[in-house]
DNA sequence: GCCCAGGTGGGTA
DNA sequence: TACCCACATGGG
């Protein structure tokens, strides 16, 4: 069994197989993901709730004074960078479509859609992949800090590989039908073991009482 | 007060 | 290409 299959099976045995849940609307998903960059989920949710409450539409956000947008998203952190980028993106969507919509990328080939998103200010490989996977159900694999760290530790990718390169490599390794569930389970596992400082199994590298712990003397550190 | 949550982009060698 | 660093907030 491949290292990937071993890890995938161990994660499913620990957490189950995540069932597809419809994500946010594409523009909501994009803005929410930008707000989430380098901050906690709680701060992202607070900022996203504030901007949705403060403005009646994304077009209103586009047309608003920068200071108002900045104030609305302040809890997300890095607001001085995120606010102008969000307004720039909304302006680009408006200029290209005459409306605040991302629907045009639904019909693009995957790499064209990814490239289009990556050309937007403040959109890197992780944000682009999140929008493609969660809002459009397209086969893109987002690599956040947990996915990156665990993928290296579990031997899926070289220890020196950057998160940016890891997107391509993990999209090659992981079957497309697993992108959604493997991404969610890796993050769930990453967050859990990060908090709990759980030691890793020497066989599959997972930090928990995975299936291989049966018959072993106990968790090994590492 | 300190630590933790946790991507993008600009600059430099 | 690889590395370094700035960017900011809120909760425990």
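Residue numbers (the working numbering): -7 to 214. Each residue gets a CB set at the ideal place from its N, CA and C atoms; glycine is no exception.
Can you give me the start and stop residues for the alpha helix (DSSP H) that residue 83 sits inside?
-> Annotation: the continuous alpha helix (DSSP H) that includes residue 83 extends over 71 to 89.
Cα-Cα separation, residue 15 to residue 44 | Residue 15 and residue 44: Cα-Cα distance of roughly 16 Å.
Counting pairs of Cβ atoms below 8 Å between the segment 68 to 80 and the segment 19 to 33, do you hit three or more?
-> Yes, the segment 68 to 80 touches the segment 19 to 33.
Rounded C-alpha distance that separates residue 215 from residue 60 = Since the displayed the chain opens at -7 and closes at 214, residue 215 lies outside it and no answer follows.
Would you identify the three-state DSSP class for residue 117, choosing helix, strand or coil?
-> Residue 117 falls in the helix class under three-state DSSP.
Does DSSP put residue 33 in a helix, a strand or coil?
-> Helix at residue 33.
Can you tell me the Cα-Cα spacing of residue 166 and residue 91, whole angstroms?
-> The straight-line gap from Cα to Cα measures roughly 36 Å.
For residue 182, which three-state DSSP category applies?
-> Helix, per DSSP.
How is residue 205 classed by DSSP in three states: helix, strand or coil?
-> With a pLDDT of 41 at residue 205, under the threshold of 50, the modelled position of this residue cannot be trusted, and the question is left open.
Inter-residue CB distance, residue 97 and residue 108 (contact presumed, cutoff 8 Å) = That pair is a contact at about 6 Å.
Smallest Cα separation from residue 28: which of 10, 7, 115 and 99?
-> Its Cα nearest to that of residue 28, the residue 115 stands out among 10, 7, 115 and 99.
Between residue 53 and residue 82, is the Cβ-Cβ spacing less than 9 Å?
-> With respect to the 9 Å criterion, residue 53 and residue 82 are classified as neighbours on the basis of their beta carbons.
Pair within 9 Å by beta-carbon distance, residue 75 and residue 94 = Contact flag unset, no.
Alpha helix (DSSP H) runs wholly inside the segment 105 to 166, at least 4 long, in chain order | For the alpha helix (DSSP H) assignment, the uninterrupted runs of no fewer than 4 residues enclosed by the segment 105 to 166 are, from N- to C-terminal side, 117 to 122, 137 to 145 and 155 to 165.
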